[in-house]
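I have placed the structure first, in the form of structure tokens, so that the comments after it can refer back to it.
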Amino acid sequence: MELVVASYADPVARKLIDELQQEYVVRYGGPDETPVDPAEFAAPLGHFVVGRVDGEPVACGGWRAHDASEPGFRDGDAELKRMYVVPRARNRGFARDLLAGLEASARAAGRRRMVLETGTAQPEALALYESSGYEEIEKFGYYSCSESSRCFGKLL
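Under full-length UniProt numbering, the first residue of the sequence shown carries the number 1, and numbering increases by one thereafter.
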């Protein structure tokens, strides 16, 4: 899979994000309502990619910078957002490749820790993050009071 830098607002990225939001509707009963500004995913304080196989978009994901001035974050944090692999491309290692690429880009941008929020209705995501060295951390963000929310972090 080739990771191609894209704008969060790019039409291909938006299509993948919309598919992801529909998956949240199925799994949780509604879309992710975390406030997101597409500009947060632009360099140097953010990064967004579309994963392509033979030119076909099959995955997306990005990160946005946070610092200790925001509740629940530390200086140098990068928050993983909108990581998604289309169903037809799953179980081929693309999620792990995407995660590694996003970690590398955050590290290169000077970020020191990757953090994320996911939920109990995504067991495959929980397994991926735990097997990739992520450890559960104190909940942060929009869903910090949700019983089904799980937050993880990993030093880069």
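Glycine included, C-beta positions come from ideal geometry on N, C-alpha and C.
Please read these numbers as outputs of a predicted model, since none were measured by experiment.
For the beta strand (DSSP E) containing residue i, list its first residue and its last residue.
i, result
"L156", "Element bounds for L156: n/a, residue is neither H nor E."
"E117", "113-119"
"E2", "2-5"
According to DSSP, is residue i part of a helix, a strand, or is it coil?
i, result
"E33", "coil"
"R90", "coil"
"Y142", "coil"
"P123", "helix"
"P38", "helix"
"Y84", "strand"
"E147", "coil"
"E130", "helix"
"E79", "strand"
How is the alpha helix (DSSP H) around residue i delimited, first residue to last?
i, result
"K15", "11-28"
"G101", "94-108"
For a cutoff of 7 Å on Cβ pairs, would you count residue i as touching chain B?
i, result
"S69", "Here chain B cannot be found, since the structure has a single protein chain."
If I'm right that residue i touches residue j with Cβ under 8 Å, what's the distance once you round it to whole angstroms?
i, j, result
"Y84", "G61", "7 Å"
"A59", "G51", "3 Å"
"P38", "A6", "In fact, because the Cβ distance is near 11 Å, the residues do not count as touching under 8 Å."
"C151", "E138", "7 Å"
"D97", "M1", "6 Å"
"Y24", "D32", "5 Å"
"A95", "L128", "6 Å"
Suppose the cutoff is 8 Å on Cβ atoms and the five residues either side in sequence are ignored; what does the same chain contact list for residue i look like?
i, result
"L156", "A78, E103, A106, R107, R111, R112, R113, M114"
"T34", "K81, E117, G141, Y142, Y143"
"S148", "Y28, G119, T120, A121"
"C145", "K139"
In the DSSP output, which residue or residues are listed as bridge partners for residue i?
i, result
"E135", "G153"
"F48", "G62"
"P57", "R52"
Apart from the five residues on each side of it in sequence, which residues of its chain come closer than 7 Å, Cβ to Cβ, to residue i?
i, result
"R27", "A121, Q122"
"E70", "none"
"P44", "A109"
"G55", "none"
Going along the chain, which residues of its own chain have a beta-carbon closer than 6 Å to the beta-carbon of residue i, five neighbours each way excluded?
i, result
"V86", "V58"
"A13", "A6, V50, C60"
"L68", "It is worth fixing the name first, because residue 68 is Ala in this sequence and not Leu. Cβ within range, chain order: R74, D75."
"L3", "V49, G51, G101"
"A125", "T118"
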